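Here the structure comes first, spelled out in C-alpha cells, and everything after it is commentary.
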Amino acid sequence: MTPSERKIVKDAAQLPARLAELARPLVFTNGCFDILHRGHVSYLEEAAALGQSLVVGVNSDASVRRLDKGRGRPVNPLDDRLAILAALGCVSLVVPFEDDTPHALIERVRPDHLVKGGDWTPDKIVGADVVTSYGGRVHSIPFRFKRSTTDLLQRIRSSYDRTK
Numbered sequence: 020m021t022p023s024e025r026k027i028v029k030d031a032a033q034l035p036a037r038l039a040e041l042a043r044p045l046v047f048t049n050g051c052f053d054i055l056h057r058g059h060v061s062y063l064e065e066a067a068a069l070g071q072s073l074v075v076g077v078n079s080d081a082s083v084r085r086l087d088k089g090r091g092r093p094v095n096p097l098d099d100r101l102a103i104l105a106a107l108g109c110v111s112l113v114v115p116f117e118d119d120t121p122h123a124l125i126e127r128v129r130p131d132h133l134v135k136g137g138d139w140t141p142d143k144i145v146g147a148d149v150v151t152s153y154g155g156r157v158h159s160i161p162f163r164f165k166r167s168t169t170d171l172l173q174r175i176r177s178s179y180d181r182t183k
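Every number in my numbering is 19 more than the matching position in the sequence shown, counting from 1.
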C-alpha cells in the first residue's frame, strides 16, 4: 500500500482508529472535488494551515449526482477523486460519504475546525452546530482563485463544440 493509499478510509469501522492517529487540532472540510484545480488546492492548503491534520470528506458518485452538478457529473469516479486528494501533502485523511450532506461524518470526526469555501457563510455550513456545540470553530475561507469545475467543464465543452 502506498503512503497516499493509506490516507484513504473507506471502511467506517476503521475511522475511529485512523482519526486517533492524527495530530490535533484536526481540520475537516468536504466536497465533490471532481476535477481538481488551483482553487481546490489553494483552499485545501489554507484549510490545513488551521490545524495539524486535515480530513477531507468526499461525496460519493451517487451523492454528487443528487447535488445536480450538471450532466455527466461526476466526471471522475470516487476512487480516482479519493486517490488524487490523498496524494496531496496537505491532506491527512480522505473519507467518502454517501449522504447528501457530511453531517453524520462530521459527528463521527469531531473536528476542531470545520471549513468550507467563501461561497458558504459560517451559519450555513452543514455541521456548524455540531462543531460549535463542543467548542470547535467554523471557518469560511475566501476564494483566492475564482475557479470551478462546472466552469471548467463548460469551457472544455464549448471548445470541443467549436472544433466540430
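All C-beta atoms in this analysis are idealised placements derived from N, C-alpha and C, irrespective of residue type, glycine included.
Please read all numbers here as calculations on a predicted model, not as lab measurements.
N-terminal and C-terminal residue of the beta strand (DSSP E) that serine 72 is part of: 72-78
Alpha carbon to alpha carbon, how far is valine 149 from proline 141? Valine 149 and proline 141 have their C-alpha atoms spaced approximately 12 Å apart.
Would you kindly check if the distance between the Cβ of valine 145 and the Cβ of valine 113 is under 9 Å? no
Check the C-beta distance from asparagine 78 over to glycine 58 and give it rounded, since I have them as a contact under 8 Å. Their Cβ separation, rounded to whole angstroms, is 17 Å, which puts asparagine 78 and glycine 58 out of contact at 8 Å.
According to DSSP, glycine 50 sits in a beta bridge with which residue or residues? Val77
Out of Thr151, Asp170, Lys135, Val28, point me to the one whose CA is closest to histidine 158's CA. Lys135
Proximity winner among Leu34, Ala42, Phe47, relative to arginine 156 (alpha-carbon distances): Answer by Cα proximity: Phe47.
Assign serine 152 to buried or exposed, taking buried as 16 or more other Cβ atoms, counted over all protein chains shown, within 10 Å of its Cβ. exposed
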